[in-house]
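In what follows, a structure is listed as structure tokens, so that the remarks can point back to it.
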Amino acid sequence: MQVACTHCGTKHVLRDAEVRTHPKVQFQCSKCGQPTVVDTQRHPNATMVISPLPSFARGDGGGSKLDLPEENGSSQLLAMKNVTLTIISGPGKDSVHKLSKPRVVLGRDGADIALPDQEISRHHCVLEIRDGFVNLRDLDSTNGTFYEEERVRAAMLLNGAEFRIGETLLRISFQPK
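Here the sequence shown is numbered in the working numbering, starting from -6 and rising by one per residue.
Encoded structure:
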């Protein structure tokens, strides 16, 4: 079992044979010396990462269809503001796209907003307008979605936030109508 110290993040390997019989195990970090308690039993509602692979690389062969999560009705255009997406750098630099729908897919051909970047997946990420922010979600893209220099699966974007997909750096802006 691989675990990380809750104080400094150092990864440790605990022998399954030794920890399997105990519901909780405490160990002392070899780097910072602080104790960490680990719950060794799986909870039925615990989150578990199964595969970091994008859908097209998984064995189900489902990469050809767009499998977007269903709209739950919480996305909505803002009554008092326009939401715009500006390409800061990369292919299509200085282009401005006004988001005319509460839910927009970014990608190459076939997306709501098609970007001229070969490093972007056909359906790369989705932007959902919420009350006062935009929810950014990666759609199992090959090259990932980056916010604040880190690859993310989802991020909450406020006015002026920048994110990168492929070689394209984009900025979200809220402007008065």
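Glycine included, C-beta positions come from ideal geometry on N, C-alpha and C.
What three-state label does DSSP hand residue i in the structure shown?
i, result
"Asp171", "There is simply no residue 171 to check, as the chain begins at -6 and stops at 170 in what is shown."
"Asp133", "coil"
"Glu155", "strand"
"Ala147", "strand"
"Asp124", "coil"
"Asp32", "strand"
"Val6", "strand"
Report buried or exposed for residue i, applying the criterion of at least 16 other Cβ atoms within 10 angstroms of its Cβ.
i, result
"His0", "exposed"
"Ile165", "buried"
"Gly2", "exposed"
"Arg157", "buried"
"Arg13", "exposed"
"Asp9", "exposed"
"Ile81", "exposed"
"Leu(-3)", "Sequence inspection shows Ala at residue -3; the Leu mentioned does not correspond to that position. So Ala(-3) counts as exposed."
Suppose contacts are defined by Cβ-Cβ distances below 8 Å. Is residue i in contact with residue j by that definition?
i, j, result
"Glu160", "Asp110", "yes"
"Gln(-5)", "Val6", "yes"
"His117", "Gly100", "yes"
"Leu150", "Phe167", "no"
"Thr29", "Pro16", "no"
"Leu163", "Thr77", "no"
"Leu129", "Ala148", "yes"
"Pro95", "Ile122", "yes"
So residue i and residue j are supposed to be a Cβ contact under 8 Å. How far apart are they, rounded?
i, j, result
"Pro169", "Lys74", "6 Å"
"Asp131", "Val145", "7 Å"
"Val97", "Asp87", "That pair is no contact at about 19 Å."
Can we say the segment 87 to 98 touches the segment 138 to 148, given the rule of at least three CB pairs closer than 8 Å?
no
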